[in-house]
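Residue numbers (my numbering): 1030 to 1225.
Where is the CB? At the ideal position from N, CA and C, for every residue including glycine.
Being a predicted model, the structure only gives us computed values, none of them experimental.
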């Protein structure tokens, strides 16, 4: 009598175990994708803020007489929504109307703050003279210190960002620039041979 040949194959249990192992791998990839998207968003916001800060520094360098004055439209401390007390639209009037340098600065700030408001969620902007923009631990800080030698005009910017603690949920998962415990996301000194 011939022995029965056993047909080889996978049992249902082996298939289920393979599916469970594959699903754990896929869940890890989904988590990695979410972290990559968050990092991409943060990098895009940092790049946008750097570009906006560089633009403001160039406006200040171009209108140096106003930027050097003690009380000027460039020095602001604003939280979202970013609007000046006396908004100016001097840059939008006909060329026959002459604007003073202070009106030009006010107009530049009005338009610049509108762009910051639209491009950085929950933005906070502080432009001040500061001789120590970082604390003793090397962390950026919002407070401006003019004591010391040669304070520099510094542009400090913050916006709503995700926190690094992945276990945080809801509002705790966000670092709001308007919170008292937040730190600036960008410190941009206005230097490069300019006295501003």
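Mark residue 1176 as exposed unless 16 or more other C-beta atoms lie within 10 angstroms of its C-beta, in which case mark it buried. To locate residue 1176, count along the chain shown from 1; it is residue 147. By the neighbour-count rule (16 or more Cβ atoms within 10 Å), residue 1176 is not buried but exposed.
DSSP puts residue 1154 in a beta bridge; with which residues? As a working mapping, residue 1154 is identified with position 125 in the chain shown. Looking at the DSSP assignment, residue 1154 forms a beta bridge with 1107, 1186.
First and last residue of the uninterrupted alpha helix (DSSP H) at residue 1085: Position 56 of the chain shown, counted from the start, is the residue given in the question as residue 1085. Segment 1041 to 1091, the alpha helix (DSSP H) holding residue 1085.
Chain-order list of residues whose beta-carbon lies under 7 Å from that of residue 1092 (same chain, five-residue window excluded): Reading the chain shown from its first residue, position 63 is the one you call residue 1092. Excluding sequence positions up to five before and after residue 1092, its CB lies within less than 7 Å of the CB of 1130, 1133, 1134, all in the same chain and listed in chain order.
Are the beta-carbon atoms of residue 1095 and residue 1156 separated by less than 8 Å? Locating residue 1095 in the chain shown gives position 66, where the first residue counts as 1. Locating residue 1156 in the chain shown gives position 127, where the first residue counts as 1. Not a contact, by the Cβ cut-off of 8 Å.
I'd like the list of long-range same chain contacts for residue 1137, defined as Cβ closer than 6 Å, with 5 residues on each side in sequence excluded. As a working note, residue 1137 is residue 108 in the chain shown. Correct list, in chain order: 1088.
In the DSSP assignment, the alpha helix (DSSP H) including residue 1215 goes from what residue to what residue? The residue labelled residue 1215 in the question sits at position 186 within the chain shown. Counting along the chain, residue 1215 falls outside any alpha helix (DSSP H), though it belongs to the beta strand (DSSP E) covering 1215 to 1218.
Quick one: grab the DSSP three-state call for residue 1181. As a first step, residue 1181 must be located in the chain shown, where it is residue number 152. If DSSP states are grouped into helix, strand and coil, residue 1181 belongs with the strands.
Between the beta-carbon of residue 1086 and the beta-carbon of residue 1153, is there less than 8 Å? Here residue 1086 refers to the residue found at position 57 of the chain shown. Here residue 1153 refers to the residue found at position 124 of the chain shown. In this structure, residue 1086 sits away from residue 1153, with a CB-CB distance that is not shorter than 8 Å.
Sequence-distant residues of the same chain with beta carbon closer than 8 Å to residue 1170, five excluded per side: To locate residue 1170, count along the chain shown from 1; it is residue 141. Contacts found: 1162, 1163, 1164, 1212, 1213.
Taking the beta carbon of residue 1051 as the centre, do at least 16 other beta carbons fall within 10 Å, making it buried, or is it exposed? Within the chain shown, residue 1051 is the residue found at index 22, counting from 1. Its Cβ having fewer than 16 others within 10 Å, residue 1051 is exposed.
So, for residue 1115: in the same chain, excluding its five sequence neighbours on each side, which residues have a beta-carbon less than 6 Å away from its beta-carbon? By 1-based counting over the chain shown, the position of residue 1115 is 86. So no residue of the chain qualifies.
Which residues in the same chain as residue 1225 place their Cβ atom closer than 7 Å to its Cβ, once the five residues preceding and following it in sequence are excluded? As a first step, residue 1225 must be located in the chain shown, where it is residue number 196. In this prediction, residue 1225 scores a pLDDT of 46, lower than 50, which makes its location untrustworthy; no coordinate-derived value is stated.
Based on DSSP bridge pairs, tell me the residues matched to residue 1167. Stepping through the chain shown from its first residue, residue 1167 is reached at position 138. None; residue 1167 has no bridge partner.
Would you report the Cα separation of residue 1217 and residue 1111, rounded to the nearest angstrom? As a working mapping, residue 1217 is identified with position 188 in the chain shown. As a working mapping, residue 1111 is identified with position 82 in the chain shown. Each residue's Cα considered, the two are about 18 Å apart.
Secondary structure of residue 1225, DSSP reduced to three states: Sequence index remark: in the chain shown, residue 1225 carries index 196 (1-based). Low confidence applies to residue 1225: its pLDDT is 46, below 50, so where it sits in the model is not reliable, and the reading given next is rough at best. Here residue 1225 sits in coil by DSSP.
Is the distance from the Cβ of residue 1215 to the Cβ of residue 1067 below 8 Å? As a working mapping, residue 1215 is identified with position 186 in the chain shown. As a working mapping, residue 1067 is identified with position 38 in the chain shown. Taking 8 Å as the Cβ cut-off, residue 1215 and residue 1067 do not qualify as a contacting pair.
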